[in-house]
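Trainee:
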Amino acid sequence: MASFPRPENEQCRYKYDVFLSFRGEDTRKNFVDHLHDALRRKGIVAFKDDDDRDLPRGKCIKPEILGAIEMSRYVLVIFSENYASSTWCLEEVAKAVECKDIKKGLVIPIFYKVSPSDIRKLRGNFGRDFAETEKTYTGDKGDIKRWKDALRQVADLAGRELKDGYETQFIEQIMRELENKVGPQLSYVVGDLVGMHSRVANVVEYLCLDESDVRSTGMWGMGGIGKTTVARAVFDKIQGQFDDGSCFLANVREISKKNGLVYLQNQFLGDILQQDNLRIWDDQRGANMIKERLRHKKVLIILDDVDEKEQLEKLAGHLDWFGHGSRIIITTRDEHLLLQYGVNSIYRVEGLSFDEARQLFCSKAFRSDHSPVEFEELTKQVLEYAGGLPLVLDVLGSFLTCRSVKQWKSALTRLKECPEEKIFDRLKISYDGLQQKEKEIFLDIACYFKGKEKRYVTEILDNCGLFADIGIEVLVNRALIQIVGNGLWMHDLLQEMAWEIVRQESPEEPGKRSRVWLFKDVCHILSKNSVSIYKINFLACLFDIRKKKTC
1 MASFPRPENE QCRYKYDVFL SFRGEDTRKN FVDHLHDALR RKGIVAFKDD
51 DDRDLPRGKC IKPEILGAIE MSRYVLVIFS ENYASSTWCL EEVAKAVECK
101 DIKKGLVIPI FYKVSPSDIR KLRGNFGRDF AETEKTYTGD KGDIKRWKDA
151 LRQVADLAGR ELKDGYETQF IEQIMRELEN KVGPQLSYVV GDLVGMHSRV
201 ANVVEYLCLD ESDVRSTGMW GMGGIGKTTV ARAVFDKIQG QFDDGSCFLA
251 NVREISKKNG LVYLQNQFLG DILQQDNLRI WDDQRGANMI KERLRHKKVL
301 IILDDVDEKE QLEKLAGHLD WFGHGSRIII TTRDEHLLLQ YGVNSIYRVE
351 GLSFDEARQL FCSKAFRSDH SPVEFEELTK QVLEYAGGLP LVLDVLGSFL
401 TCRSVKQWKS ALTRLKECPE EKIFDRLKIS YDGLQQKEKE IFLDIACYFK
451 GKEKRYVTEI LDNCGLFADI GIEVLVNRAL IQIVGNGLWM HDLLQEMAWE
501 IVRQESPEEP GKRSRVWLFK DVCHILSKNS VSIYKINFLA CLFDIRKKKT
551 C
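What follows is the structure, encoded as structure tokens:
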């Protein structure tokens with residue numbers, strides 16, 4: 001058994017996104033309560049100590065409070081007039097300075113009806129409270145210097161100050177800043193962003209964010225290519241620019257079939273408006289509500305894995321449903337759906353390059369950026385098999401990790417006979433959405449005509465009554481085949497999926513399958529004299545075309 005490199009130490013996985021340090025008697029029941037609710041609605045996990053902090057001076061802060069500061073990504077210090085009268089608050093700000101890199105913006109000051117200069121210079125009511133605390137404090141006098149230094153350092157940072165403005169507007173400003181800081185780190189894809197930065201940059205360029213009109217962009221590609229992953233990364237990168245709301249509506253195809261469009265409309269509007277009590281019972285009424293409630297809002301919407309026109313009509317029917325500056329991103333396997341909707345641009349998601357594929361696979365299989373020497377050749381075989389598909393690299397990398405060379409060889413041999421079920425099922429979704437004649441054309445191309453000239457294949461398939469011109473166009477739209485030069489091409493894994501579909505028609509008896517293309521199967525069938533009517537008809541069509549060409 002080969003030894004595998006140990007994973008490098010990961011960054012600390014924080015329990016909280018934000019720690020709120022505040023003086024209870026000043027802000028607990030108003031400003032902090034409203035801020036905490038806004039954080040909750042945006043999915044930002046905040047620690048807010050609800051214990052009474054109006055305790056006798058000198059009372060020690062609870063250890064769990066200090067631990068929560070360490071386990072928070074950011075510390076939000078909400079300075080108010082009576083902040084310095086609490087030794088708990090002073091110890092919190094000192095702890096924040098000690099365990100967070102303030103130069104990297106991990107400590108954020110908020111000046112709630114108090115001047116930053118009063119805090120730096122310990123003057124005014126804030127200064128008088130600090131002097132009283134210093135006078136009555138019975139603990140280590142060294143703490144006083146720590147608190148003074150911490151107050152000065154945090155007050156020197158760039159922060160937000162509320163004097164006499166509206167608290168709701170002030171909280172919105174704070175939320176935008178926090179979402180820009182925290183938002184990109186909330187994504188499930190952050191840990192494995194292999195080859196992602198260039199793809200995200202390309203999509204963002206397509207969106208033309210500087211323009212004030214409403215725009216839509218489609219992201220198109222075959223199953224398993226990484227459309228959802230790219231879309232999620234784009235969402236996390238830019239959602240902070242949309243003050244009125246954003247929504248990533250995942251798995252539209254699956255959820256609409258399982259729960260219906262009304263369910264999706266409730267989720268859609270609920271996410272953007274931050275309301276849980278919406279009651280949509282009819283999809284037409286839901287469409288009208290979306291238009292009525294969002295037509296003046298600048299929003300970011302991502303509709304993931306759309307496969308039917310009705311889904312778009314009932315969720316984002318027209319661009320004028322949304323306010324100026326809104327952006328709509330649609331991910332799909334069907335390019336024609338995007339053309340029907342009239343998107344402003346279409347970004348085709350391509351597979352990973354060889355180097356990117358190696359990096360992703362090795363991170364899964366070896367928890368490193370390279371493979372051990374004894375696995376190098378086997379790794380190349382996996383990369384050739386995957387053809388740049390992130391889904392395949394992820395599934396196989398996770399499956400093969402911590403297995404021996406012998407087990408790798410056995411697994412790769414098995415893959416040639418029988419595709420991994422998880423990969424097969426994901427790829428087959430596109431096939432299942434085809435009409436019967438389109439399925440026949442896809443299987444014929446996979447079994448007989450990959451790499452053949454389109455005109456030649458079209459003539460044969462038309463002679464079999466399969467209406468090849470429109471059928472081939474549909475397959476191209478669904479990213480199941482491509483036309484390269486004048487020839488028909490498909491990804492090797494899609495071809496293997498097609499072979500498996502045919503094999504499952506009769507796993508043990510090739511003569512009962514609709515198609516045969518392997519020499520051993522042909523020999524088996526001829527020896528038993530068992531040939532299906534479909535194959536006879538197909539071979540007759542093929543012979544007829546060739547006969548015409550010789551005349």
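All letters in the sequence shown, in the order written, are residues 1 to 551 by UniProt numbering. Just so it is clear, CB atoms sit at the ideal spot from N, CA and C, and this is done for glycine as well.
Is the beta carbon of Cys89 sitting closer than 9 Å to the one on Ser21?
Mentor: Against a cut-off of 9 Å, the Cβ pair of Ser21 and Cys89 comes out as a contact.
Trainee: When the Cα of Arg152 is compared with those of Arg120, Glu167, Leu518, which residue comes out closest?
Mentor: For the options Arg120, Glu167, Leu518, the alpha carbon positioned closest to that of Arg152 is the one of Arg120.
Trainee: Taking its Cβ as the centre, do 16 or more other Cβ atoms sit within 10 Å of Arg285, making it buried, or is it exposed?
Mentor: exposed
Trainee: Do Arg279 and Trp321 come within 9 Å of each other at the CB atom, strictly closer than that value?
Mentor: One thing to note: Trp321 has its Cβ no nearer than 9 Å to the Cβ of Arg279.
Trainee: Is the beta carbon of Ala287 closer than 9 Å to that of Glu254?
Mentor: no
Trainee: Looking only at its chain, what residues have a beta carbon closer than 8 Å to the beta carbon of Val18, apart from the 5 residues adjacent to it on each side?
Mentor: Excluding sequence neighbours, Val18 sits near Leu39, Ile44, Val45, Ala46, Phe47, Ser72, Arg73, Tyr74, Val75, Leu76, Leu178, Val182.
Trainee: Can you list, in chain order, the residues of its chain whose CB lies under 8 Å from that of Gln359, leaving out five sequence neighbours each side?
Mentor: Val194, Gly195, Asp369
Trainee: Please report the straight-line C-alpha distance between Gln275 and Ile102, rounded to a whole angstrom.
Mentor: 35 Å
Trainee: Taking the beta strand (DSSP E) that Trp220 belongs to, which residues open and close that run?
Mentor: 215 to 220
Trainee: Can you tell me whether DSSP reads Tyr188 as helix, strand or coil?
Mentor: Since pLDDT at Tyr188 reaches only 41, below the 50 mark, its modelled position is unreliable, and no value is offered.
Trainee: Three Cβ pairs or more, each shorter than 8 Å: is that satisfied between the stretch 211 to 223 and the stretch 473 to 491?
Mentor: Yes: the two stretches touch, three or more of their Cβ pairs being nearer than 8 Å.
Trainee: So, at 7 Å on beta carbons, what are the nonlocal neighbours of Gly387 in its own chain, with the 5 sequence-adjacent residues on each side left out?
Mentor: Gly351, His491, Asp492, Leu493
Trainee: In this structure, what does DSSP give as the bridge partners for Tyr112?
Mentor: Leu162.
Trainee: On the three-state DSSP scale, how would you describe Thr332?
Mentor: strand
Trainee: Within 8 Å, do at least three Cβ pairs link the stretch 249 to 263 to the stretch 519 to 529?
Mentor: no
Trainee: For Val77, which beta-bridge partners are listed by DSSP?
Mentor: Ser21, Pro109
Trainee: Nearest chain C C-beta to Gly139 closer than 9 Å, yes or no?
Mentor: The structure shown contains no chain C; it is built from a single protein chain.
Trainee: On the CB-based measure, 16 or more other CB atoms within 10 Å of its CB, does Glu64 come out buried or exposed?
Mentor: exposed
Trainee: For Arg28, which option in Glu374, Ile78, Val392, Asn344 has the closest C-alpha, if you only look at C-alpha atoms?
Mentor: Ile78
Trainee: Hey, how far is the Cα of Val392 from the Cα of Lys291?
Mentor: 40 Å
Trainee: Please report the distance separating the alpha-carbon of Gly224 from that of Ile272.
Mentor: In a straight line, the C-alpha of Gly224 is about 28 Å away from that of Ile272.
Trainee: Counting along the chain, where does the beta strand (DSSP E) carrying Val252 start and finish?
Mentor: Element bounds for Val252: not the beta strand (DSSP E) but the alpha helix (DSSP H), 252 to 259.
Trainee: Where do the N-terminal and C-terminal ends of the beta strand (DSSP E) with Val484 fall, by residue?
Mentor: 482 to 484
Trainee: Express the C-alpha separation of Arg160 and Ile174 in angstroms, rounding to a whole number.
Mentor: C-alpha of Ile174 to C-alpha of Arg160: approximately 8 Å in a straight line.
Trainee: Going by beta-carbon coordinates alone, are Gly245 and Arg176 separated by less than 9 Å?
Mentor: no
Trainee: Go through its chain and collect everything with a Cβ distance to Gln495's Cβ below 8 Å, but skip five positions before and after it.
Mentor: Ala446, Lys450
Trainee: Counting only the same chain and skipping the five closest in sequence on each side, list residues whose C-beta sits under 8 Å from that of Lys428.
Mentor: Met497, Ile501
Trainee: Kindly list the residues whose CB is nearer than 8 Å to the CB of Tyr14, restricted to its own chain and excluding five residues on each side of it in sequence; keep chain order.
Mentor: Closer than 8 Å at Cβ, skipping near neighbours: Met71, Ser72, Arg73.
Trainee: Alpha carbon to alpha carbon, how far is Leu443 from Ile460? Give it in angstroms, no decimals.
Mentor: 14 Å
Trainee: If you check the beta carbons only, do Asp26 and Tyr83 fall under 9 Å apart?
Mentor: yes
Trainee: What residue range does the beta strand (DSSP E) around Leu249 cover?
Mentor: In this chain, the beta strand (DSSP E) harbouring Leu249 covers 246 to 249.
Trainee: Going by CA-CA distance only, name the one from Ser198, Thr168, Arg215 that's closest to Leu338.
Mentor: Arg215
Trainee: Comparing C-alpha positions only, which one of Trp147, Lys104, Gly165 sits nearest to Phe111?
Mentor: Gly165
Trainee: Excluding five sequence neighbours on each side, which residues of the same chain lie with their C-beta closer than 8 Å to the C-beta of Glu505?
Mentor: Lys512, Arg513, Ser514
Trainee: Please report how far the alpha carbon of Ile69 lies from the alpha carbon of Thr413, in whole angstroms.
Mentor: 52 Å
Trainee: Find the nearest neighbour of Leu264 within the set Asp305, Ile302, Leu315, Phe242, judged by alpha-carbon distance.
Mentor: Leu315
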